[in-house]
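Chemist:
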Amino acid sequence: MNIFYRLLYFFQKRGFEVSRRIAERLGIRARVVRITFIYLTFVTLGFGFALYLFLAFWLRIKDLIYTKRTSVFDL
Numbered sequence: 001m002n003i004f005y006r007l008l009y010f011f012q013k014r015g016f017e018v019s020r021r022i023a024e025r026l027g028i029r030a031r032v033v034r035i036t037f038i039y040l041t042f043v044t045l046g047f048g049f050a051l052y053l054f055l056a057f058w059l060r061i062k063d064l065i066y067t068k069r070t071s072v073f074d075l
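For what it's worth, UniProt numbering labels the leading residue of the sequence shown as 1, then goes sequentially.
Put into structure tokens, the structure is as follows:
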């Protein structure tokens, strides 16, 4: 059961990051983005979840490429 809670905590901590960042970009609440993904998943039988995973992957890659460095010596 402990593994289940670790996995749940991981997804809660990392999973909502995608919704929050999309909401900030669009200027709306993160709750609206999450509900939209949920409805999209039910209506399209999983396409919303696939889109969510794609956006999470894309944001992660973008963060790795465009990291802000505070100094020249951080390379």
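Virtual Cβ for every residue (Gly too), placed ideally from N, Cα, C. Note that the structure is predicted; figures quoted are calculated from it, not measured.
(1) For VAL43, count the other beta carbons within 10 Å of its own beta carbon; 16 or more makes it buried, fewer makes it exposed. Which is it?
(2) Report yes if the C-beta distance between LEU59 and VAL18 is below 8 Å; otherwise report no.
(3) Is LEU64 closer than 8 Å to ILE22 when the C-beta atoms are compared?
(4) Does DSSP put LEU45 in a helix, a strand or coil?
(5) Below 8 Å on the Cβ atoms is my guess for PHE47 versus LEU53; work out the distance and round it to an integer in Å.
Modeler: Looking at the atomic coordinates:
(1) exposed
(2) yes
(3) no
(4) coil
(5) That belief does not hold up - the Cβ atoms of PHE47 and LEU53 are roughly 11 Å apart, past 8 Å.
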